[in-house]
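Numbering (my numbering), first residue to last: 26 to 429. The structure under discussion appears below in the form of structure tokens.
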């Protein structure tokens with residue numbers, strides 16, 4: 026299936042973007058550990074739904090599809106809670122995404138985990154065990170989700186858990202989010218730049234937490250406003266500029282592209298002003314999920330692009346660096362990639378009806394869809410957006426995009 030997206034007159038509307046997938050998945054693990062924690066506005070994404078079903082499952086085999094967060098978080102959660110042998114598996118791509126650092130860390134504190142196929146990769150077999158309080162040393166250069174996964178179960182381990190980080194820091198705002206949510210429900214966490222100590226807490230006071238709308242999803246509207254005519258504005262509801270989500274850094278990044286953000290009554294008003302730059306250079310080590318959106322914005326605005334800190338993109342839903350190179354090249358861009366960077370001079374041509382392959386990656390579909398503000402675009406396999414943002418295409422229609 027393909028969608029043809031056509032340019033149309035943009036409407037100035039207010040959109041409700043679903044709850045953050047990252048916040049939802051962390052809070053779902055915590056609400057399973059602490060039954061008097063209640064949640065509002067959780068994400069309706071595929072990833073969150075996979076996690077919900079897994080947490081309720083009594084099966085000996087749990088399949089989480091493409092949901093990487095669910096794979097990492099459930100590996101720790103089941104090591105702590107299961108009273109039966111459970112095989113945790115996913116899609117073919119998931120079985121190529123490394124998990125060894127997390128498994129080795131869990132084994133050091135008493136977890137009984139076996140690899141079912143290839144050493145260091147899912148699927149894994151998790152057996153009942155008793156986890157022990159220890160100090161772990163973890164390589165933080167591969168995935169922040171390994172650290173978050175351990176932090177989420179730490180207060181339920183007798184004596185708590187200490188974690189020291191080594192190596193290059195990756196996506197640290199996501200670890201900060203995890204720590205922030207732990208503190209919000211009453212758990213004591215002592216943290217420094219490279220060290221986390223989580224105190225044991227078996228019970229918490231009853232608390233209700235509303236999940237903020239998703240900032241990664243908001244990034245596509247920042248791109249749309251950046252590509253729109255000066256003066257256009259769009260409103261997004263249930264957002265706070267003082268967010269736990271690291272991708273809220275999009276506010277500052279997109280000021281350079283001429284997008285002014287006004288935060289009023291938990292709403293964001295995005296207003297297009299003049300873009301005054303012809304080149305942008307960013308280190309996205311803390312925010313790699315923004316890379317595709319920024320690249321497409323640069324293409325649409327004829328801006329030279331230099332992004333680094335992208336080493337984790339090679340082990341996402343697809344090799345995002347290679348996918349970006351292939352799709353951006355269709356617009357006559359000479360794209361250069363390395364193991365952790367992407368760059369291009371901007372001599373792109375916004376030809377109409379270019380067909381974009383999505384590689385089973387929701388962010389490829391949504392980031393390139395923003396080009397409809399400049400030209401007609403065809404998106405193959407558009408259903409992949411359900412991984413994080415099911416109503417994306419409906420919301421594009423609300424702002425005036427024609428979808429055939």
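Ideal Cβ placement from N, Cα and C applies to all residues, glycine included. Please read these numbers as outputs of a predicted model, since none were measured by experiment.
Own chain, CB closer than 6 angstroms to residue i, minus 5 neighbours either side, in chain order
| i | result |
| --- | --- |
| residue 68 | 43, 44, 46 and 49 |
| residue 88 | 114 |
| residue 288 | 266 |
| residue 137 | 152 and 154 |
| residue 273 | 240 |
| residue 194 | 165 |
| residue 31 | 401 and 427 |
| residue 313 | 335, 337 and 338 |
| residue 353 | 360 |
| residue 57 | 80 |
| residue 398 | 249, 252 and 253 |
| residue 415 | 69 |
| residue 298 | 283 and 285 |
Backbone secondary structure at residue i - three-state DSSP
| i | result |
| --- | --- |
| residue 93 | helix |
| residue 300 | coil |
| residue 114 | strand |
| residue 257 | coil |
| residue 321 | helix |
| residue 333 | strand |
| residue 264 | coil |
| residue 175 | helix |
| residue 306 | strand |
| residue 426 | coil |
| residue 151 | strand |
| residue 415 | coil |
| residue 121 | helix |
| residue 405 | strand |
| residue 140 | strand |
| residue 351 | helix |
| residue 159 | coil |
| residue 133 | helix |
| residue 357 | coil |
| residue 168 | coil |
Residue burial classification, residue i (beta-carbon count within 10 angstroms, cutoff 16)
| i | result |
| --- | --- |
| residue 380 | exposed |
| residue 91 | buried |
| residue 235 | exposed |
| residue 227 | exposed |
| residue 254 | exposed |
| residue 72 | buried |
| residue 383 | buried |
| residue 202 | buried |
| residue 389 | buried |
| residue 362 | buried |
| residue 256 | exposed |
| residue 70 | buried |
| residue 349 | buried |
| residue 243 | buried |
| residue 290 | exposed |
Beta-carbon proximity of residue i to residue j, cut-off 9 angstroms
| i | j | result |
| --- | --- | --- |
| residue 378 | residue 401 | yes |
| residue 391 | residue 245 | yes |
| residue 319 | residue 29 | no |
| residue 284 | residue 269 | no |
| residue 337 | residue 386 | no |
| residue 278 | residue 252 | no |
| residue 264 | residue 292 | yes |
| residue 307 | residue 325 | no |
| residue 156 | residue 105 | yes |
| residue 131 | residue 160 | no |
| residue 190 | residue 230 | no |
| residue 367 | residue 356 | no |
| residue 249 | residue 259 | yes |
| residue 103 | residue 207 | no |
| residue 225 | residue 158 | yes |
| residue 196 | residue 271 | yes |
| residue 134 | residue 182 | yes |
| residue 409 | residue 418 | no |
Contact test: residue i Cβ vs the ligand GTP heavy atom, cutoff 8 angstroms
| i | result |
| --- | --- |
| residue 336 | Within the structure as shown, the ligand GTP is missing, as the structure has no ligands at all. |
Contacting residues, own chain, Cβ-Cβ under 7 angstroms from residue i (five flanking each side not counted)
| i | result |
| --- | --- |
| residue 148 | 112, 113, 114, 120, 141 and 142 |
| residue 123 | 145, 146, 167 and 340 |
| residue 108 | 153 |
| residue 328 | 302, 303, 304, 305 and 371 |
| residue 421 | 394 and 428 |
| residue 233 | 63 and 65 |
| residue 247 | 275, 279, 284 and 295 |
Spatial neighbours of residue i in its chain, beta-carbon cut-off 8 angstroms, leaving aside the 5 residues before and after
| i | result |
| --- | --- |
| residue 94 | 46, 47, 50, 72, 76 and 170 |
| residue 425 | 33, 34, 35 and 36 |
| residue 97 | 124, 127, 168, 170, 171, 173 and 174 |
| residue 184 | 157, 158 and 225 |
Next item on the list: Entirely within the stretch 185 to 254 and at least 3 residues each: give me those beta strand (DSSP E) ranges in chain order.
Entry: Entirely contained in the stretch 185 to 254, the beta strand (DSSP E) runs reaching 3 residues are, in chain order, 186 to 191, 214 to 216, 220 to 223 and 232 to 235.
Check: Counting only runs that start and end within the stretch 29 to 108, where is the alpha helix (DSSP H) found for 4 or more residues in a row?
Finding: When DSSP assignments are scanned along the stretch 29 to 108, the uninterrupted stretches of alpha helix (DSSP H) that are 4 or more residues long and fall wholly within it turn out to be 46 to 58, 71 to 81 and 93 to 106.
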